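Asks:
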Amino acid sequence: MHLGWLLPFQAVITLAADNKHHAASDDRCAVECTGVSSEVKYDVGRSYVFEVRSRTTLKINEQRDTDVIQSAHAHISVHSSCEFSLKLTQTRLEGMNVGGDWSAILERSSLRFAFDDGEVKAICPHNTDPIWAVNIKRAILSAFQTKHALDQLKRARETDVSGDCPVSIERQKTNEILNLKTTKQLNACYRDRDIAGVRTIPYRMKSKIQVSPMMESKQICERQIARDNLQYVNCIEDYSLTSPFGEESLGLLHVEQTLRAIGIENARSMELFSARRSSLIFDHSDDNFNTQSSAQHAKKIIDELCKSNDRINPDAAYYFGDLISNLRGLSMMEISSIANFQCDGFIDALAACGSHACLQQFANLINSGHASQPAYSSLTLLTNPKEDSMNAIAAFIENVPLHGLLPISSLVQSYCIAHPTCAAQTAIQHIIRSILSKLPSDCSVGEQFEEIKKAIVILKSIGNIGYEEHSLATILACIRNEQISHELKIAAIDALRRKPCSEQRNSKITELFRDPKVDIEVRIKSFRQLMECVNDEILQIIIEQLHNETINQVGSYVWSYLNGKQRSTNPGSRNLQYMLKRFHISQRYNLDLNRFSRYYELGYFDKENNYGGHMDTSVLLVPKSYIPREVSFNFTAHFFGKSINLLEIGVRSDGLEKAEEELFGPDGYVSNPNGHVFREKQFQSRYSKLNRLQEIYRRRMNGNTMRVTCYIRMFGDDLYYYGFQMDQEQLVNGVKESIELDKVLAKLVEEKVAKLSRYMLLYELSKTLPTLSGLSLQFSTNLSLATKINGKLRLNMMDVLVGKTNANGFLKLHPSISIARGGAVVLRAGHVVSGALLTSKFHAATSVVQSIEMNERRKLLLRFDVPHKDILIAKIRNDITKIESNQQQPFISTRHIGEAVEKHYCSGDTLAKILGIRACLNVHANFPMLEGSVEIRKVDDRLNSYQLLIERNNDSGEQKLLVSIDTPGSRINRKIETDIEISIPRKKFKVGIVAPFKTIVLDGNLQQMQQSQDYATNLQLLVDDKTYSLDGIVKATKMEERNLYKLNAKSVAESVTTAEVTVELQYSAVRPYSMVNFHLDKIFQKPITFQSMRNSFTNCHCM
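Mind the numbering: the sequence shown is residues -16 to -1, 1 to 1087 in mature numbering (1 follows the signal peptide of the UniProt record, and there is no 0), read in order.
1. Would you tell me roughly how many angstroms separate the C-alpha atoms of D27 and H59, rounded to the nearest one?
2. Quick check on this structure: which residue in G988, K982 and Y1029 has the alpha carbon closest to the alpha carbon of K1010?
3. Which of the three DSSP states, helix, strand or coil, is assigned to S1039?
4. Does DSSP classify A804 as helix, strand or coil?
5. For the putative contact between T951 and G900, defined by C-beta atoms under 8 Å, what is the C-beta separation to the nearest angstrom?
6. Tell me whether the beta-carbon of L95 lies closer than 8 Å to the beta-carbon of P109.
7. Quick one: complete alpha helix (DSSP H) runs, 4+ long, within the region 385 to 445?
8. If you draw a straight line from the C-alpha of S262 to the C-alpha of A106, how long is it?
9. Count Cβ pairs between the region 289 to 302 and the region 799 to 811 that sit closer than 8 Å; are there 3 or more?
10. What separation, rounded to the nearest whole angstrom, lies between the Cα atoms of A813 and W116?
11. Please look up how many angstroms separate the CB atoms of I436 and E471, rounded, as I've assumed it's under 8 Å.
12. Using 10 angstroms around the beta-carbon of residue 1088, count the other beta-carbons present and answer buried if the total reaches 16, otherwise exposed.
13. Only counting the same chain, and skipping five residues up and downstream in sequence, which positions put a Cβ closer than 7 Å to that of H387?
14. I need the DSSP call for Y747, collapsed to helix, strand or coil.
15. What is the C-beta distance between V542 and F511, in whole angstroms, given that I count them as a contact (C-beta under 8 Å)?
16. Kindly indicate the opening and closing residues of the beta strand (DSSP E) around C290.
17. Per DSSP, what kind of secondary structure is residue 1155 in: helix, strand or coil?
18. What residue range is occupied by the uninterrupted beta strand (DSSP E) comprising Q129?
19. Near F1068, what residues of its chain come up, given a Cβ to Cβ distance below 8 Å and the 5 sequence neighbours on each side ignored?
20. Does the pairing of the region 197 to 217 with the region 161 to 168 give three or more beta-carbon distances under 8 Å?
21. When the distance is taken between beta carbons, is C406 closer than 8 Å to C462?
22. Can you tell me where the beta strand (DSSP E) holding L779 begins and where it ends?
23. Go ahead and pull the three-state DSSP assignment for residue 1088.
24. To the nearest angstrom, how far is the alpha carbon of S602 from that of T693?
25. For K492, collect the residues of the same chain with a Cβ closer than 8 Å to its Cβ; drop the 5 residues on either side in sequence, then sort them by chain order.
26. Count the other CB atoms, across all protein chains shown, that sit within 10 Å of the CB of T410; report buried if there are 16 or more and exposed otherwise.
27. Within its chain, find whatever has a CB closer than 8 Å to the CB of S570; leave out the 5 residues flanking it on each side and keep chain order.
28. What would DSSP say about F1068, mapped onto helix, strand or coil?
29. So, for E632: in the same chain, excluding its five sequence neighbours on each side, which residues have a beta-carbon less than 6 Å away from its beta-carbon?
30. When DSSP labels each residue in this structure, what does P799 get in the three-state scheme?
31. Please report the straight-line C-alpha distance between I836 and S418, rounded to a whole angstrom.
32. Measure the Cβ-Cβ separation of D101 and S21 and say whether it is below 8 Å.
33. Apply the 10 Å Cβ neighbour rule to C904 and answer buried if 16 or more other Cβ atoms are within range, or exposed otherwise.
34. Using beta carbons (cut-off 8 Å, strictly below), is V396 in contact with chain C?
35. Could you compute how far the alpha carbon of K897 sits from the alpha carbon of G634?
36. Who are H888's beta bridge partners in DSSP?
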């Protein structure tokens, strides 16, 4: 009986062994448990109570803007060696109005977590807890844990609410009290999904910079451990945002958190509930949230946005962004009550909104067939779509037209990235089945190119959606179909790019890659898809095939791809580089770059600062063509642990060789037009039937049908696809219509009318930084655009082609644009934020109305109309608004009191009087607010147009030229006229310049001198109210086809020259050419010179 006490001890040992070596059951959070306790030991069945207190202070512009204090009691209960739970009581928050249910939500359920040897291994939150509440509990547990793991280089790392961070540790033990001091540079912490609004691919890089260098952040924690229990924790975090243009601080966040042990009590019973295991790292899935909005406020925005006007509203872009934000907080019934489907701005906002209610309303447009292609394009830019949005799409997917499938599938992929198990959801399955139902069985679409294009778009749409295998059988059936075109088979192979790697996925494309009888392009595409699932086994197959390859085009591409990846600095290629080190790649396929298919990679990556960029290029050639079959460019940027696949562009051509020879060959239409015409004529028979038979034979033998397709991808998603098919003759005719002047001018005779009204949310980004208080510091920015352009154009120059010079035309253009950029720096507690909102607005508008009239080389009239409103207006405004618990308030800056800048610049009165318009620049600045404008306005309210008139008469022996600049109908006479006349038969000479401020007229007779072509002249010079008598000589000569007259005349009084005039006139009766040079000296302090030249290319008039 004395050994009976060993039985309970043996049971405890057995339980510990089971926890160490066996997976936990479904109701446990700890998957494995070592049972080791190095620095802290907590007794099973006990609950350790801590007083938790944090203070979070956000400063903007060096003044305290938000100060939030949280307090609570944290009950950490020990249920078994590694099964712990956290229960909060007495929670309180001051400094933000978070509502009365804040405490109730935090206190209603426990957070179970796995705790092993001082480290929180995992957490298992209750499924009713909102994400923000779990993040606050994560922050408390981050301070509670005491052990830090070691990486491969034996350096300490810690995973907590801030991410996976390197940490430096200082240990000091005094009187049985262990003091731990940890220091983290939070910029070096790795986090996966802390950026919302842009599709990123995370990568791991050993760098001290994992966020923008503009943000400096540091965390210091001091812990005290006594009696094997954590007794006290004090942590301080500082975030500082510096300006990229200097050392000025734009904002500062200071966080201080303390945990103090206040008691030990019996453990509460563990709450049993099904939960999904998660890590201690901050959960970013709720970074974007929608505040409640009012339908009345949204209705006011719609009324402002949809006002009918030729110009865009100056604040249209701001209203558009604001409308999107408000629509996201409204129900379907509320949106229905304020909907305006006649307004482009509302329709575009409805698509960009992306909420369940918005998509339900958007479905009405789709079902009625009124959804425009730009509206569908807005769906691709939506961020963080929710499950109810997928349900809305599933409800109308059957009615989506072909051009809407690519944007819809891109939106589904955005959802699946955030929800990797999306394929199990009914809505996603329905969307996939609906898209697949539009595809004929086995892709059997025949030879019609339009049907092939439709099938390719469907395959590209399916290829956009990853994380699912429902479409795999359909895609593989298309790949196995030997009767379909190469374009379709290639599209089917590309559709595998995001499908989960499996034997079913890879077996057929492996077979295609290894078969030398298969088309070269198909083999290369199969190789690229195998590399998407590369492992040692697949790489071994590829290397073996490369060693035995008999087709140089395939071997060259595979070799260049593997060789390029070996040398790549792209952080996404690191795993492949590790695998390639175990294989030998032969150099036998290092072939001519210009003759064989190649893969190129050009880029730069700075490991120390963790940024860079790369461009990948693929060039595919086939033996029967010297023109690449396909060329593609892929651009990727890398920033601080995130890769962004910005853009991919690809062009594929088939049968372009004949067209290239026809246009640019030795007798090409463009390179040698005369030879082309001769070659066409020399093969013509006088029998038309023979010519037709010859054409049919040529087409059959040469196969002159050509196909060209192109695609555009953003963030890896196919968003645009276009293709056309035509024969050689159609292409040449199309080029002729674009080049030959008569055909171009014939098109311009018809009046062209263009109208554009577009509203776009160009991007919407947010960056969230977690803090030890559990609250988050969030930076967000968005850019919206609104533009309206109305234009008309007509130009009639057909008479020019028949030797006449009659022409007329007009241009009317009314462009206007509004751009708004919003940015916010806020501290977020749940769905309540406080901080600052920054807005920048830009607006520009003008009007251009021009007309031209030319009559038989005698008259040219150019007219520039002046609009009744502002001729040009451009305004910019930067503003800042304070946000206090979701309420916007004026921001009062105390830093720059008395330093406001007010500037006003305008053009002078003289220029305003001459032109009738005035340009002004206005600037008002009081940091951080800035407002400026550039305006060109009329100062003469009756100014309607500027006119330039040139009239000339070139009869035998007569030369007349009239140049006039005027603003007819204006209040001020601005007419400036130059009149030049020389008549040999009438022995007449006259030159006159008449302006509102000066009159100069030179008039006289000519007398031919004996035995000479020169003429003596007596002239009267009128300068305002003064008259001068001048004597001079006119010399008449001829230079080839030009007639030249030159006058030199002087007025002499008392042996002093009081006036001197020189006039030179050249003109041609054969070609449209005239030149006048007038020079007057001695009358004014400075000489007066007037020059005018006109030919078939240029009109120039100078004074």
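Each residue gets a CB set at the ideal place from its N, CA and C atoms; glycine is no exception.
Since the model is a prediction, treat every value here as computed from it, not as a measurement.
Replies: Concretely, from the data shown:
1. Stepping through the sequence shown from its first residue, residue 27 is reached at position 43. Stepping through the sequence shown from its first residue, residue 59 is reached at position 75. In a straight line, the C-alpha of D27 is about 14 Å away from that of H59.
2. Taking the sequence shown and counting its residues from 1, one reaches residue 1010 at position 1026. Among G988, K982 and Y1029, the Cα nearest to that of K1010 is on K982.
3. Within the sequence shown, residue 1039 is the residue found at index 1055, counting from 1. Because S1039 sits at a pLDDT of 49, beneath the cut-off of 50, its placement in the model cannot be relied upon, and the point is left open.
4. In the sequence shown, the residue the question calls residue 804 occupies position 820. Here A804 sits in strand by DSSP.
5. Against the sequence shown, residue 951 aligns to sequence position 967. Against the sequence shown, residue 900 aligns to sequence position 916. Their Cβ separation, rounded to whole angstroms, is 6 Å, which keeps T951 and G900 in contact under 8 Å.
6. Along the sequence shown, one-based indexing puts residue 95 at 111. Along the sequence shown, one-based indexing puts residue 109 at 125. The answer is yes: Cβ separation under 8 Å.
7. 386 to 402 and 410 to 421
8. The residue labelled residue 262 in the question sits at position 278 within the sequence shown. The residue labelled residue 106 in the question sits at position 122 within the sequence shown. Rounded to the nearest angstrom, the two C-alpha atoms are 6 Å apart.
9. yes
10. The residue you call residue 813 lines up with position 829 of the sequence shown. The residue you call residue 116 lines up with position 132 of the sequence shown. Taking the straight line joining both Cα atoms gives about 7 Å.
11. Here the question's residue 436 lines up with position 452 in the sequence shown. Here the question's residue 471 lines up with position 487 in the sequence shown. Contact holds; Cβ gap of about 6 Å.
12. Any question about residue 1088 goes unanswered here, given that the chain covers just -16 to 1087.
13. For the purposes of this step, residue 387 is identified with residue 403 of the sequence shown, where counting begins at 1. Q357 and Y360.
14. Taking the sequence shown and counting its residues from 1, the one referred to as residue 747 is at position 763. The answer is strand: DSSP assigns Y747 an E or B state.
15. The residue given as residue 542 occupies position 558 in the sequence shown. The residue given as residue 511 occupies position 527 in the sequence shown. Right, their Cβ atoms sit about 6 Å apart.
16. Within the sequence shown, numbered from 1, the residue matching residue 290 stands at position 306. Careful: C290 lies outside any beta strand (DSSP E) and carries neither H nor E.
17. In the structure as shown, the chain starts at -16 and stops at 1087, and residue 1155 therefore has no counterpart that could be examined.
18. Locating residue 129 in the sequence shown gives position 145, where the first residue counts as 1. Segment: none, Q129 is in no beta strand (DSSP E) and carries neither H nor E.
19. Indexing the sequence shown from 1 puts residue 1068 at position 1084. The answer is none, since no qualifying residue turns up.
20. yes
21. Against the sequence shown, residue 462 aligns to sequence position 478. Against the sequence shown, residue 406 aligns to sequence position 422. No, they are not a contact pair.
22. Counting from 1 along the sequence shown, the entry for residue 779 is found at position 795. Counting along the chain, the beta strand (DSSP E) containing L779 begins and ends at S760 to N780.
23. The structure shown has nothing for residue 1088, since the chain only spans -16 to 1087.
24. Here residue 602 refers to the residue found at position 618 of the sequence shown. Here residue 693 refers to the residue found at position 709 of the sequence shown. The straight-line gap from Cα to Cα measures roughly 16 Å.
25. Walking along the sequence shown from the start, residue 492 turns up at place 508. Around K492: L460, I463 and R464.
26. As a first step, residue 410 is located in the sequence shown; it is residue number 426 there, counting from the start. Flag for T410 reads exposed.
27. For the purposes of this step, residue 570 is taken as residue 586 along the sequence shown, with counting starting at 1. Contacts found: L530, H531 and W543.
28. By 1-based counting over the sequence shown, the position of residue 1068 is 1084. In the structure shown, F1068 sits in coil (DSSP, three-state: anything other than H, G, I, E or B).
29. Here residue 632 refers to the residue found at position 648 of the sequence shown. Within the same chain, E632 has close Cβ partners N618 and R697.
30. Taking the first residue of the sequence shown as 1, we reach residue 799 at position 815. Strand at P799.
31. Translated into positions along the sequence shown, residue 836 becomes position 852. Translated into positions along the sequence shown, residue 418 becomes position 434. Taking the straight line joining both Cα atoms gives about 56 Å.
32. Here the question's residue 101 lines up with position 117 in the sequence shown. Here the question's residue 21 lines up with position 37 in the sequence shown. Yes, the pair counts as a contact, with Cβ atoms nearer than the cut-off.
33. Numbered from 1 along the sequence shown, position 920 holds the residue referred to as residue 904. Exposed, because fewer than 16 other Cβ atoms sit within 10 Å of the Cβ of C904.
34. In the displayed structure, chain C is absent; only one protein chain is listed.
35. Here residue 897 refers to the residue found at position 913 when the sequence shown is read from its first residue. Here residue 634 refers to the residue found at position 650 when the sequence shown is read from its first residue. Going from the Cα of K897 to the Cα of G634 covers about 57 Å.
36. Numbered from 1 along the sequence shown, position 904 holds the residue referred to as residue 888. Residue pairing for H888: DSSP places it in a beta bridge opposite N906.
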